[in-house]
Amino acid sequence: MITELIQFPEFLNRLDQKIGPEGILAQKQKNSILQNGMFESPDEKDQFSLYYEVYGRGDKKILMICGFSGSMDEFRRFLLPMIEHPEYQVCMYNNRGIPPSQAKKFKGQTTAILAHDAHLLVKHLGWQKVNIASASMGSMIALEFASQFPDQTESMIIMCGTAGPYTPSFQTFNEKHHEYNDMTGLEFVTQSTENNPYPCIKEPILILIQQFRAILKHEV
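Counting along the sequence shown from 1, when you hit position 158 you're at 158 in the UniProt record's numbering, and nothing is skipped either side.
The following block contains the structure:
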């Protein structure tokens with residue numbers, strides 16, 4: 001870790017909360033970080049911030065985009081083998097509204113908006129081209145990114161993604177798949193499990209609702 005490039009050391013404390021085998025990996029992640037920071041939106045009408053972390057010094061730039069309700073640590077097991085290769089530099093970030101990233105005015109979200117967020121972050125880092133690794137909603141954002149900014153996109157790994165659209169309405173979705181709310185609905189993902197070492201942050205319910213609506217409206 002290079003101390004002068006760590007702007008927010010307090011945001012790394014989450015990695016000390018992991019236990020067991022995951023705790024060992026989290027410490028490897030903490031010891032490997034090159035830089036962290038907070039990108040602030042320049043648009044006064046759309047104020048948000050993106051917390052990001054950078055690993056490695058290579059010329060091949062990799063941007064990892066989180067899925068629905070996800071935080072960057074979900075990519076830990078992809079990140080650690082990747083940064084063993086000196087040719088790679090990896091940036092992970094939390095989408096707007098997922099702490100410590102912020103969405104100050106809770107503007108309605110779309111995958112196109114979130115892709116533009118990623119574009120602004122890439123510019124902030126001074127990267128010319130990126131190789132994107134993404135999962136779930138992150139893959140939808142990645143497809144939007146490639147559609148909007150083809151000159152910035154070198155390659156993509158799309159996991160569990162779709163070009164959309166999702167045809168049924170939200171109400172129809174719940175009527176046909178009532179088990180969703182019992183298993184993976186918003187109520188479930190916002191519950192805290194007392195003995196679960198994984199969640200280190202509380203996610204705002206309004207952001208999760210906006211992300212879910214963005215998924216349902218997604219079409220590239």
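Cβ atoms here follow ideal geometry from the backbone N, Cα and C, with glycine treated the same way.
*asked:* Quick check on E154: does DSSP put it in helix, strand or coil?
replied: strand
_Please tell me whether S155 has its Cβ less than 8 Å away from any Cβ of chain D._
In the structure shown, chain D cannot be found, because there is only a single protein chain.
_Under DSSP, the beta strand (DSSP E) around V130 begins and ends at which residues?_
130-135
*Report back the beta-carbon spacing between K60 and E87 to the nearest angstrom; my notes put them in contact at under 8 Å.*
5 Å
*asked:* Within the continuous beta strand (DSSP E) that includes L34, where are the two ends?
replied: 33-40
*Look up S49 in the DSSP assignment and give the residues it is bridged to.*
E40, Q102
*Have a look at D16 and S71 and give me their C-alpha separation to the nearest angstrom.*
16 Å
_Quick check on the DSSP output: the beta strand (DSSP E) that includes M82 runs from which residue to which?_
Where M82 is concerned, there is no enclosing beta strand (DSSP E), although the alpha helix (DSSP H) it sits in stretches over 76-82.
*Do you know offhand how far Y198's Cα is from S139's?*
Note that Y198 scores a pLDDT of 43, beneath 50, so its modelled location is shaky; the value from the coordinates is reported in the next line. The straight-line gap from Cα to Cα measures roughly 23 Å.
*Exposed or buried, N13, counting other C-beta atoms within 10 Å across all chains shown (16 or more means buried)?*
exposed
*Can you name, in chain order, every residue of its own chain whose Cβ lies under 8 Å from the Cβ of K123, other than the five neighbours on each side?*
none
*Would you decide whether E142 is buried or exposed? Buried here means 16 or more other CB atoms lie within 10 Å of its CB.*
It should be pointed out that residue 142 corresponds to Ala in this sequence rather than to Glu. With 16 or more other Cβ atoms within 10 Å, it is buried.
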